[in-house]
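Student: I have a structure here, written as structure tokens, and I will follow up with some questions on it.
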Amino acid sequence: MAEIYAYLNRSENDVPVGILSASWGGTPIGGWIPREELMSDTSIVRILEEQGRVPSHANWNMSADVNFQQMSAMYNRKIYPLIGLKIRGIIWYQGENDCGAEHILNIYTRYLRCYYNVYKKLFAADDDNFMMISSLLYPWPYGESGETCMGHVNNAFIQCALDNPEAFSFAPIADLPPVWGYHLKNHPIHPANKYVVGRRLGMLANTGCYGKEGQSAPATLRGIEYAGNKIVLTFDNVGNGLRIEGKKVRGLYICGGDNLYLPAECEITAPDTLSVSYPFIEKPVHAAYAFNSFEPGCNLYAGDYPVAPFKTDWSRFIKIEAKPWMNMENDAVWVNDMRGELLDIFYHAIWTPCPESEICFDTAFTLTGRSLRVYSRETEYGVSIRSHHANRLKLADFKALRLNLFNNDGLSVFLICQNTAKSMTLPAYKICELKGGWATWEVSLDSLDRTETDCMTFRFRHENNAYTFINMESLYLIPEI
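Sequence positions in the sequence shown follow my numbering and run 601 to 1081.
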């Protein structure tokens, strides 16, 4: 708001700027739209009927606290009394209550346009300049693990902005850290630090509503081309160009014909162009970015804003199982852990040393910028990974696991895969030497059954080597095709 005020008063006009808050957390968008508008839209009525959410005429307007999620209840209680005021636009920071089944996701753009038309008619100070600027949803495990419910709702905001940029805009926020004030009982379903969210919304208002020069919208996917084993993506609204904040991109995935999405590697080849690949996908088919429901820390930017979430496959409801353990730039992940009725949300370590071992991340002995060092005073030692919704170990979907190791003299390597039914020990084989004492190893996964691995442990054994440590990096799952 301060930046808007400063811009509007650059010529000392003493233009006032204010924000009117009429908010209520945990509500569906239909609760903010009047009954007659909802019931006049046949597509919305059909969805309400499928949900069993069309109440009888007699109890439609119940708006006591226990009914705050009822259709139109929040409009009746919070918005109708404000009729007569005039405003320049709307900030919409909501949506997670509509992250359910696929049929709800497919109708969300209708809700947004209905909402916009109603509020423009009732409150617009200028019919030719009235915007609805939305914050995208923050990552949260909507639906089952790996589902992309959040991505579909976010895409509704993006699609409205692409179709009507004079009316809609949006601010991506999946890059923000999920810190929260536990002592204040803040809820990390949104980033606790709202300053960056507010600043992005204000910047969009400055350019969209008030005419300030600058980037008018976040970058969105414009085109997709195929070049051998790469997918080439181009973007609009890139400002001063694409960039990755960090050494490796996070939240970007690629798949082949098997529709198994794997963490992608990428290269910025032009200010608006990204080349995406995965070493063991020879014929990539689709890519997606920031579309997984639970992966904060996405780090692809363009100009003043993060790049908007996207996927290239609109023929199906895709699943993206996060595998941050494949990227040694990650040492912890944000985990939503429900223990009975206890909600415990915090960072969890990706790698856990075995009892006789120690671990640390190393930027000295590395091929790609950072490796994991596993050390012990014993000749046999190891490190493990536990599977959960933010760190999947669906190894049986792949034919092999490949990794690079440093300090290979007298080394034997085994992979132990455990689940509730059994434990399997799989030998790894050195397949080639690399520069500087590194070598590539591979483990065949063909003997694993379809049950998901609960825990994966790398065991190392040194013989006739005074140094009992390894450095590990460049982990890749190799698809069947």
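Glycine residues also receive a C-beta, built at the ideal position from the N, C-alpha and C atoms.
With distances taken between CB atoms, is the gap from SER984 to PRO953 smaller than 9 Å?
Tutor: Contact flag set, yes.
Student: Short check: CB of THR1051 to CB of ALA996, under 9 Å?
Tutor: Taking 9 Å as the Cβ cut-off, THR1051 and ALA996 qualify as a contacting pair.
Student: I'd like to know whether the C-beta atoms of ILE945 and TRP925 end up nearer to each other than 9 Å.
Tutor: No, Cβ-Cβ distance for ILE945 and TRP925 is not below 9 Å.
Student: Use the C-beta contact count for ASP1009: other C-beta atoms within 10 angstroms, 16 or more gives buried, fewer gives exposed.
Tutor: ASP1009 comes out exposed.
Student: Note down, in chain order, each residue of its chain lying with its Cβ closer than 8 Å to the Cβ of ASN837, except the 5 sequence neighbours on either side.
Tutor: Answer for ASN837: GLN815, SER816, ALA817, PRO818, ALA819, THR820, ALA902 and GLY903, listed in chain order.
Student: Are the region 1071-1081 and the region 1022-1036 touching by the rule of at least three beta carbon pairs closer than 8 Å?
Tutor: In short, these stretches do not touch, since the Cβ pair count stays below three.
Student: How long is the line joining the alpha carbons of ILE733 and TRP624, rounded to whole angstroms?
Tutor: Answer to the nearest angstrom: the Cα atoms are 17 Å apart.
Student: On the three-state DSSP scale, how would you describe THR709?
Tutor: Reduced to three states, the DSSP call for THR709 is helix.
Student: Can you list, in chain order, the residues of its chain whose CB lies under 7 Å from that of ASN667, leaving out five sequence neighbours each side?
Tutor: Cβ within range, chain order: ALA673.
Student: On the three-state DSSP scale, how would you describe LEU776?
Tutor: In this structure, LEU776 counts as coil in the three-state DSSP scheme.
Student: Does DSSP put MET732 in a helix, in a strand, or in coil?
Tutor: In the structure shown, MET732 sits in a strand (DSSP, three-state: E or B).
Student: Would you kindly check if the distance between the Cβ of ALA622 and the Cβ of LEU705 is under 9 Å?
Tutor: No.
Student: Comparing alpha-carbon positions, which option in ILE687, ILE644, LEU648 and GLU650 lies nearest PRO616?
Tutor: Nearest C-alpha to PRO616: ILE687.
Student: Pull the bridge partners of CYS855 from the DSSP assignment, please.
Tutor: DSSP lists HIS886 as partners of CYS855.
Student: Am I right that PHE1014 and ARG1059 are in contact with their C-beta atoms under 8 Å? What's the rounded C-beta distance?
Tutor: That pair is a contact at about 4 Å.
Student: Counting C-beta neighbours from all protein chains within 10 Å, is the total for ASP727 16 or more, i.e. buried, or is it exposed?
Tutor: With fewer than 16 Cβ atoms within 10 Å of its Cβ, ASP727 is classed as exposed.
Student: Count the other CB atoms, across all protein chains shown, that sit within 10 Å of the CB of ARG610; report buried if there are 16 or more and exposed otherwise.
Tutor: Flag for ARG610 reads exposed.
Student: Just to confirm, is the Cβ distance from LEU648 to CYS714 under 9 Å?
Tutor: Their beta carbons are not under 9 Å apart, which means LEU648 does not touch CYS714 by this criterion.
Student: Tell me where the beta strand (DSSP E) around PHE757 begins and ends.
Tutor: Not the beta strand (DSSP E): PHE757 falls in the alpha helix (DSSP H), residues 749-763.
Student: Under a CB-based cut-off of 9 Å, is ALA761 close to chain C?
Tutor: Structure shown: chain C not included; a single protein chain is present.
Student: If we count the other Cβ atoms within 10 Å of its Cβ and call it buried at 16 or more, is ALA864 buried or exposed?
Tutor: Buried, by the Cβ-count rule.
Student: What residues in its chain sit with their C-beta under 8 Å from that of GLN669, if we drop five residues either side in the sequence?
Tutor: GLY626, THR627, PRO628, GLY631 and ASN697, listed in sequence order.
Student: Cα-Cα, which of THR834, GLY700 and ALA805 is closest to THR912?
Tutor: With distances taken between Cα atoms, THR912 lies closest to THR834.
Student: Please check the pair ALA922 and ALA990, which I expect to be a contact at CB under 8 Å, by giving their CB distance rounded to whole angstroms.
Tutor: Rounded, the Cβ-Cβ distance is 6 Å, consistent with contact.
Student: Measuring straight from C-alpha to C-alpha, what distance separates TYR853 and SER745?
Tutor: Answer to the nearest angstrom: the Cα atoms are 16 Å apart.
Student: Among SER1074, ARG916 and GLY808, which one has its Cα closest to the Cα of LEU972?
Tutor: When each option's Cα is compared against that of LEU972, the closest is SER1074.
Student: Put ASN991 into one of helix, strand or coil per three-state DSSP.
Tutor: Looking at ASN991 - three-state DSSP - the assignment turns out to be strand.
Student: To the nearest angstrom, report how far apart GLU845 and SER640 are at their CA atoms.
Tutor: Answer to the nearest angstrom: the Cα atoms are 46 Å apart.
Student: Excluding the 5 residues flanking CYS960 on each side, which residues of the same chain have their C-beta closer than 7 Å to its C-beta?
Tutor: Same-chain partners within the cutoff: ARG973.
Student: With respect to the beta strand (DSSP E) encompassing VAL907, which residues constitute its N-terminal and C-terminal limits?
Tutor: Element bounds for VAL907: n/a, residue is neither H nor E.
Student: Taking the alpha-carbon of LEU993 as reference, which of LEU1045, LEU967 and ASP962 has the nearest alpha-carbon?
Tutor: LEU993 has its Cα closest to that of LEU1045, out of LEU1045, LEU967 and ASP962.
Student: Would you kindly report the start and end of the unbroken alpha helix (DSSP H) that includes ILE651?
Tutor: Ile is not the amino acid found at residue 651; the sequence shown has Gln there. Segment 642-651, the alpha helix (DSSP H) holding GLN651.
Student: Which runs of the beta strand (DSSP E) spanning at least 3 residues fall entirely within the region 779-834, listed in chain order?
Tutor: List check, beta strand (DSSP E) in window: 820-827.
Student: Check the C-beta distance from PRO884 over to ILE824 and give it rounded, since I have them as a contact under 8 Å.
Tutor: No, PRO884 and ILE824 are not in contact; Cβ-Cβ is about 10 Å, not under 8 Å.
Student: Considering only residues of the region 998-1032, which uninterrupted alpha helix (DSSP H) runs meet the minimum length of 4 residues and lie entirely inside it, listed in chain order?
Tutor: Segments of the alpha helix (DSSP H) lying fully in the region 998-1032: there are none.
Student: If distances are taken between C-alpha atoms only, which option among ASN936, TYR975 and THR968 comes closest to GLU956?
Tutor: Of ASN936, TYR975 and THR968, the residue nearest in Cα terms is TYR975.
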